[in-house]
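K.L.:
Going by our numbering, the sequence shown opens with residue 121, and the numbers climb by one from there. Here a beta-carbon is modelled for each residue, glycine too, at the ideal position from N, C-alpha and C. For reference, the structure I am asking about is given below.
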Amino acid sequence: MHRIVLIFFFTLLSKAISIQAHNGAVAQIAPISGIVVDGDLSDWPNDLPRYAIVRTEYGDIPQDTTDFQASFRAGFDVSDRLFFIAVEVRDDDLISDRVGPYQDGCEVVLDVTHANELDLVQLFLLHGDTPVRQLPRETVADWSLVDFAVQSTSNGYVYEWQ
């Protein structure tokens, strides 16, 4: 059984196209437009790079890609100055019938200043499709800054964030 909590540490610098976390990994943010945050990724460009998510924060360690496989794509709408993340998860053991942190979810951590000060970090966490407001770090995410959608699929979930 897996409790999927996915962590992203992103740094968005001005109009830069790259994002980089403290671990040195780099992902490309492509310019996009016309994205509607509804959990349906058909409006996302097919040629955006997909980046594998290889670490689950909680639950059993995935055995292989038939057990758990996830990826994300990222884009930036230049005209509206909006950052988008799409997360696709395939999991052989979907857990949606529990409450709170004992169900599948998705976590996004934004560190736009790339500072080591926790009070500048915004952490957005979903338990199922419920936003969590009480956070383990001494900060409270400003959910008015975020739009999100969750869709269940036959073998996983799609999370879409703006």
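Going by the beta-carbon positions, is the gap between residue 192 and residue 181 smaller than 7 Å?
P.N.:
Not a contact, by the Cβ cut-off of 7 Å.
K.L.:
Quick one: is residue 154 buried, meaning 16 or more other Cβ sit within 10 Å of its Cβ, or exposed?
P.N.:
Label assigned to residue 154: exposed.
K.L.:
Figure out for me which residue from 160, 228, 207 and 175 has the closest Cα to the Cα of residue 265.
P.N.:
With distances taken between Cα atoms, residue 265 lies closest to 228.
K.L.:
So, helix, strand or coil for residue 191, using DSSP?
P.N.:
Strand.
K.L.:
With 16 other CB atoms within 10 Å as the buried threshold, where does residue 207 fall?
P.N.:
With 16 or more Cβ atoms within 10 Å of its Cβ, residue 207 is classed as buried.
K.L.:
Need the endpoints of the beta strand (DSSP E) that residue 270 sits in, please.
P.N.:
Where residue 270 is concerned, the enclosing beta strand (DSSP E) stretches over 268 to 273.
K.L.:
With 16 as the cutoff for other CB atoms within 10 Å, does residue 167 come out buried or exposed?
P.N.:
The residue is exposed, with fewer than 16 neighbouring Cβ atoms inside 10 Å.
K.L.:
Kindly identify the DSSP beta-bridge partner or partners of residue 159.
P.N.:
Paired residue(s): none; residue 159 is not in a bridge.
K.L.:
I'd like to confirm the pairing. Which residues does DSSP put opposite residue 202 in its beta bridges?
P.N.:
The partner list for residue 202 (beta bridge, DSSP) reads 197.
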